[in-house]
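S.K.:
Right, dumping it as structure tokens:
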């Protein structure tokens, strides 16, 4: 598990995805470590969701909707000239929007093979999220992970 976290950290240092206020995945790790109470951690996730770049209204459609989430979640992927996948996302639920922000911090700006090599469950275990989310929220999180993996597989197949 630590190897995966170290790998993600070193890749981030090369070109980390950051939220509107400059927050990176390493910043989230540090803040989570400082917060003792899960109510505070959930509020922090909600605050992260507020930093997401806006998803254009026309992207809030069924084609971009993540199935398996109780809340409405949308993910949109774009590839740049270097083959990196850039993700945008949104949700109609504040906490879930924070989870979307966390997914973007983990995956956005990476090449398909990098995305597929990431052990996201190990990263989520590092945060302790699985034990503190409701079963329905956890299912939604796994649906987001599956959707991101499908996007990466499709992009890799196109290469």
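Residue numbers (our numbering): 248 to 406. Cβ coordinates follow ideal geometry from the N, Cα and C atoms, glycine included.
1) Helix, strand or coil for residue 415 per DSSP?
2) If we count Cβ pairs, one from each stretch, closer than 8 Å, do we get three or more for the segment 302-318 versus the segment 372-380?
3) Identify whether residue 248 lies in helix, strand or coil by the three-state DSSP scheme.
4) Would DSSP call residue 358 helix, strand or coil?
5) Quick one: give me the first and last residue of the alpha helix (DSSP H) that residue 388 is part of.
6) Using 10 angstroms around the beta-carbon of residue 266, count the other beta-carbons present and answer buried if the total reaches 16, otherwise exposed.
M.R.: Well, looking at it:
1) Here the chain has residues from 248 to 406 only, and residue 415 is not among them.
2) no
3) Any answer about residue 248 is weak, because its pLDDT of 37 lies below 50 and its placement is not dependable; what the coordinates show is given next. Three-state DSSP puts residue 248 in coil, outside helix and strand.
4) coil
5) 382-405
6) buried
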